[in-house]
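Contents: one structure, followed by commentary.
2 protein chains.
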Amino acid sequence: MSNARYDTPQEAESAFYAAFIKRDVNAMMSVWAEHENISCIHPLGPILRGPDAIRESWEALFRNAPDMQFMITERSRTQDGELAIHIVEEHIRIKNRSPSSPVQATNVYRLTENGWRMVVHHASPSPPPSKNDAPTLH
Amino acid sequence: MSNARYDTPQEAESAFYAAFIKRDVNAMMSVWAEHENISCIHPLGPILRGPDAIRESWEALFRNAPDMQFMITERSRTQDGELAIHIVEEHIRIKNRSPSSPVQATNVYRLTENGWRMVVHHASPSPPPSKNDAPTLH
């Protein structure tokens with residue numbers, strides 16, 4: 076059980092990315108709803124269902140993760156009733172490496188008795204930069 | 076403008092995949108809300124916003140698409156107020172080719188004055204089958 080309470084979907088989203096940057100599994104899971112129907116898709120990963128599978132995936136991801144910097148660009152927000160859907164781009168910068176293409180994520184939040192919580196995180200790679208963007212030698 | 080009306084998110088979803096199989100752009104666009112805030116992410120594609128960009132993407136996709144068979148596996152449904160979120164696996168079979176890994180899609184529908192319409196389609200590749208699943212020669 077977690078005592079975290081987020082009064083808006085945006086607060087839950089900020090806590091989600093703060094936990095991601097800190098690689099803090101307990102903080103991460105405090106953002107998710109405590110419900111078997113929650114779903115998480117990491118880039119090119121399977122569909123994970125329920126708190127146990129989702130916690131394990133973040134533990135594995137954080138265990139192997141290098142130091143990262145994040146910049147989140149919001150692309151759209153839709154909200155009605157107890158549901159909010161945010162589409163964002165995650166610009167992840169790993170120390171001493173050149174920036175890669177952003178990850179695109181659809182994040183769904185639901186108003187629960189414990190405030191707004193994440194119920195879906197679907198992340199996937201964006202297209203690589205086109206050849207026109209690549210530096211040339213001439 | 077489209078006269079199509081879907082009384083449930085499931086009806087809109089059935090019409091979406093029917094239009095996909097038929098490669099019918101007008102039927103496809105009749106499933107989407109007529110709103111600038113709609114978003115579509117094809118597998119490994121960019122985030123497309125608004126009816127014009129989304130229509131163009133389906134036109135291009137259908138122009139190049141071979142005959143396909145579809146099987147949709149529903150993985151989760153969440154609904155409240157005017158929003159419904161479905162996570163599905165799209166098992167796409169192209170004639171004379173062996174089946175590939177399913178596409179994972181998060182589909183969001185919204186109740187509009189014209190019934191339920193799609194507002195988000197986020198599709199991405201699933202992991203390739205593990206080596207243990209691959210046929211071997213011995």
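In order, the protein sequences belong to chains L and H.
Numbering of the first sequence is given in this note's numbering, commencing with residue 76 and proceeding in unit increments.
Numbering of the second sequence is given in this note's numbering, commencing with residue 76 and proceeding in unit increments.
Just so it is clear, CB atoms sit at the ideal spot from N, CA and C, and this is done for glycine as well.
{"Check": "For L:N182, would you say it is in contact with chain H, using Cβ-to-Cβ distances shorter than 8 Å as the test?", "Outcome": "no"}
{"Check": "I want to verify the contact list: residues of chain H whose CB lies under 9 Å from the CB of L:P281, in sequence order.", "Outcome": "Lying outside 76 to 213, the shown extent of chain L, residue 281 of chain L is not represented and no answer is given."}
{"Check": "Under 8 Å between C-beta atoms, does L:V195 make it to chain H?", "Outcome": "yes"}
{"Check": "Checking contacts by CB at 8 Å: is H:G125 closer than that to chain L?", "Outcome": "no"}
{"Check": "What are the residues that DSSP puts in a beta bridge with L:L136?", "Outcome": "Looking at the DSSP assignment, L:L136 forms no beta bridge with any residue, so it has no partner."}
{"Check": "Below 8 Å between beta carbons is the criterion; list the residues of the region 155-169 of chain H that meet it against any residue of chain L, in chain order.", "Outcome": "D155, G156, E157, L158, I160, I162, E164"}
{"Check": "Quick check on L:A79: does DSSP put it in helix, strand or coil?", "Outcome": "coil"}
{"Check": "Roughly how far, in whole angstroms, is the beta-carbon of H:I162 from the beta-carbon of L:S114, given that I think they are within contact range, below 8 Å?", "Outcome": "5 Å"}
{"Check": "Under the three-state reduction of DSSP, which class applies to H:E164: helix, strand or coil?", "Outcome": "strand"}
{"Check": "Quick one: what's H:G190 bridged to in DSSP?", "Outcome": "H:Y81, H:T187"}
{"Check": "Thinking C-alpha only, which one of L:G156, L:V178, L:P203 is nearest L:T147?", "Outcome": "The question names Thr, yet the displayed sequence has Ile at residue 147 of chain L. The shortest C-alpha separation from L:I147 is found at L:V178."}
{"Check": "Quick one: give me the first and last residue of the beta strand (DSSP E) that L:S114 is part of.", "Outcome": "114-116"}
{"Check": "Excluding sequence positions up to five away, which residues of its chain have a Cβ less than 6 Å from the Cβ of L:S199?", "Outcome": "P118, Q179"}
{"Check": "I want to check one thing, is the minimum distance from the CB of L:V106 to the heavy atoms of the ligand NAD below 7 Å?", "Outcome": "This structure lacks the ligand NAD, and indeed carries no ligand of any kind."}
{"Check": "Let me know the secondary structure DSSP gives L:D127 once reduced to three states.", "Outcome": "helix"}
{"Check": "Can you tell me whether H:S105 is helix, strand or coil according to DSSP?", "Outcome": "helix"}
{"Check": "Could you check whether the Cβ of L:S114 sits closer than 8 Å to any Cβ belonging to chain H?", "Outcome": "yes"}
{"Check": "Distance check for L:K97 and H:E165, CA to CA, integer angstroms please.", "Outcome": "35 Å"}
{"Check": "Would you call L:E131 buried or exposed, if buried means 16 or more other Cβ atoms sit within 10 Å of its Cβ?", "Outcome": "exposed"}
{"Check": "So H:T153 contacts chain L; which residues on that side make the cut at Cβ distance below 8 Å?", "Outcome": "N112, L158, V183, R185, V194, V195"}
{"Check": "What residues in its chain sit with their C-beta under 6 Å from that of L:E149, if we drop five residues either side in the sequence?", "Outcome": "V163"}
{"Check": "Check each candidate in H:M104, H:A140, H:S151 and name the one with the smallest Cα separation from H:A128.", "Outcome": "H:M104"}
{"Check": "With a cut-off of 8 Å on the beta carbons, I'd call L:S151 and H:N112 a contact; round off their distance for me.", "Outcome": "6 Å"}
{"Check": "Can you give me the Cβ contacts of L:A154 inside the same chain, cut-off strictly under 8 Å, excluding the 5 residues immediately before and after it?", "Outcome": "Per the sequence shown, the amino acid found at residue 154 of chain L is Gln instead of Ala. Once the five neighbours on either side are set aside, the close Cβ partners of L:Q154 are P84, I160."}
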